[in-house]
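*Asks:*
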Amino acid sequence: VLSHTSDQHQWFIDSREDQTNDKADWYVWSDAKADGTAPNNWLSIFGGSGWTWEPRRQQYYLHNFLTSQPDLNFHNPDVRQAVLDNIEFWLKRGVDGFRLDAINFCYHDALLRDNPAKAKELRTNIGFDEKNPYAYQYHYYNNTQDENLGFMEDIRTLLDQYPGSVALGEISSEDSLKTMAEYTQGEHRLHMGYSFDLLTDNFSASYIKQVVQNLESRVLD
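Residues in the sequence shown are numbered from 1 upward in steps of one, following the working numbering.
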């Protein structure tokens, strides 16, 4: 998983100490609102707010998943380079394949805009329970940002220096088949991708046909 680290990682241990250390901008930090609440309405896919208060910094940090999995700040070029260096560390040791979980979660909206509400009849159980409050929002701003495509190209450029190495991306977004097609387009992004569109309790032939046709209409090469 490239989008976050453990809260026990040395980068985060340093980052959470104060707002002036050399890792201060390596994670997604934000001040509280005037009333002390979180910066926006983003949710964790595992329940509750996507923000947790850090008393040492007097700021909130973002975690799209568990509170113990703080999100890296990919708007920081030092973070991007450090992640690429980690990939190359393993390439040099002969690893020839990477399964990249939650790869569309690397970037967040820099303006921290609220996600819009989703009407009840439009909520689905693709990838998570539709009763989970996470399903109550369109996740337009906490993942799948345009900048992420450039980072996919950076990953591919690195992998191409090690012939035979491949990357498989896990995609979960508002239109995961569209995103998967974008992330694997041409020969300069990920080699392969998969989504959760078949991870549902709808096993009817018509639904499976719909998913396959939707995918075929999106993947143009």
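Each residue gets a CB set at the ideal place from its N, CA and C atoms; glycine is no exception.
My guess is that Leu220 and Leu177 are in contact by the Cβ rule of under 8 Å, so how many angstroms apart are they, rounded?
*Replies:* Going by Cβ atoms, the distance from Leu220 to Leu177 rounds to 12 Å, so no, they are not a contact pair.
*Asks:* Can you tell me the Cα-Cα spacing of Pro35 and Tyr207, whole angstroms?
*Replies:* It should be pointed out that residue 35 corresponds to Asp in this sequence rather than to Pro. Distance between the alpha carbons of Asp35 and Tyr207 is about 46 Å.
*Asks:* Going by beta carbon distance, what residues of the same chain come within less than 6 Å of Gly164, once the five residues before and after it are set aside?
*Replies:* Within its own chain, the residues whose Cβ lies closer than 6 Å to the Cβ of Gly164, once the five positions on either side in sequence are excluded, are Asp96, listed in chain order.
*Asks:* What are the complete beta strand (DSSP E) segments, minimum 3 residues, inside the segment 30-117?
*Replies:* Listed in chain order, the complete beta strand (DSSP E) runs (minimum 3 residues) inside the segment 30-117 are 51-54, 59-62, 97-100.
*Asks:* To the nearest angstrom, how far is it from the Cα of Ala24 to the Cα of Leu66?
*Replies:* So the alpha carbons of these two residues sit roughly 20 Å apart.
*Asks:* Between the alpha carbons of Glu121 and Ala135, how many angstroms are there, rounded?
*Replies:* 11 Å
*Asks:* For Leu2, which of helix, strand or coil comes out of DSSP?
*Replies:* coil
*Asks:* Is it the case that the Cβ atoms of Asn86 and His4 are separated by a distance below 9 Å?
*Replies:* Pairing Asn86 with His4 gives a Cβ-Cβ distance that is not under 9 Å.
*Asks:* Helix, strand or coil for Gln213? Go by DSSP, reduced to three states.
*Replies:* helix
*Asks:* If we count the other Cβ atoms within 10 Å of its Cβ and call it buried at 16 or more, is Thr124 buried or exposed?
*Replies:* exposed
*Asks:* Could you tell me the distance, in whole angstroms, from the CA atom of Val211 to the CA atom of Asp197?
*Replies:* 7 Å
*Asks:* Measure from the alpha carbon of Thr37 to the alpha carbon of each residue in Trp11, Gln213, Lys131, Tyr60, then state which is nearest.
*Replies:* Tyr60
*Asks:* With a 10 Å radius around its C-beta and 16 neighbouring C-beta atoms as the bar for buried, classify Pro133 as buried or exposed.
*Replies:* exposed
*Asks:* So the beta strand (DSSP E) Ala181 belongs to, where does it begin and stop?
*Replies:* Unbroken run through Ala181 is the alpha helix (DSSP H), 176-183; no beta strand (DSSP E).
*Asks:* Determine the direct distance from the alpha carbon of Asp22 to that of Arg218, and round the result to whole angstroms.
*Replies:* 42 Å
*Asks:* Taking contact to mean 3 or more Cβ pairs, one atom from each stretch, closer than 8 Å, check whether the segment 5-13 and the segment 37-47 are in contact.
*Replies:* No: the two stretches stay apart, fewer than three of their Cβ pairs being nearer than 8 Å.
*Asks:* With respect to the alpha helix (DSSP H) encompassing Leu158, which residues constitute its N-terminal and C-terminal limits?
*Replies:* 147-160
*Asks:* State yes or no: is the C-beta of Leu100 within less than 9 Å of the C-beta of Leu190?
*Replies:* With a cutoff of 9 Å on beta-carbon distance, Leu100 and Leu190 are scored as near each other.
*Asks:* Secondary structure at Ala24, three-state DSSP: helix, strand or coil?
*Replies:* coil
*Asks:* Quick check: the segment 172-186 against the segment 137-152, are at least 3 beta-carbon pairs closer than 8 Å?
*Replies:* yes
*Asks:* Hey, how far is the Cα of Leu111 from the Cα of Ile13?
*Replies:* 25 Å
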